[in-house]
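S.K.:
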Amino acid sequence: MQTTTTDNSLNWLLQGLLERTPGARHALVLSRDGLKLCWSEHLTLDLADQLSAICSGIQALAQGASMEFGDGTGGVRQSMTEFHGGLLFIVEAGAGAHLAVVAGEDADPGVVGHQMMELVEQIGDHLRAEPRTEAAGSGTS
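Per the UniProt record's numbering, the very first residue in the sequence shown carries number 1; after that it's consecutive.
1) In this structure, does DSSP put L35 in helix, strand or coil?
2) When you compare only the Cα positions, how much space is there between V120 and G70?
3) Tell me the rounded alpha-carbon separation between V101 and G72.
4) Among G75, V29, D108, which has the Cα closest to the Cα of H50?
5) Taking a contact to mean a Cβ-Cβ separation below 9 angstroms, would you say A97 touches T21 in this structure?
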């Protein structure tokens, strides 16, 4: 597992999620704006970046759909994408963060979703990603 934070406790938690979820291949925690926060060991740095960007985009589109066709709050509980050869699950995981899991096409979506939500409920407070702020002195005068 790799992490961009100093909190390495997420590493063993993501590994545990993969181990107890049949068919799960990769796990990633990302910020709402697409920065990877930590990821499973079989994702290269480039693939973790790519998956983080994909997940951020999917959640942004789902939020737009919720605003237009849901109750207008923009709330998104989860997203699931089924593609040839696998499944991608994304759930909200604390303030400004998402948890994503890539699983094989033989994975049980109910089991994957349940395991993800259990993890979020257990450690949701630790899965917080503060919004990025503009660096000091980088504004225009």
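Even glycine gets a Cβ: it sits at the ideal position worked out from N, Cα and C.
Computed from a predicted structure; not experimentally measured.
M.R.: Checking against the coordinates, here is how it stands:
1) coil
2) 23 angstroms
3) Their backbone Cα atoms lie some 27 angstroms apart in a straight line.
4) As written in the sequence, residue 50 is Gln, which differs from the His given in the question. If we check each option's Cα against that of Q50, V29 comes out closest.
5) No.
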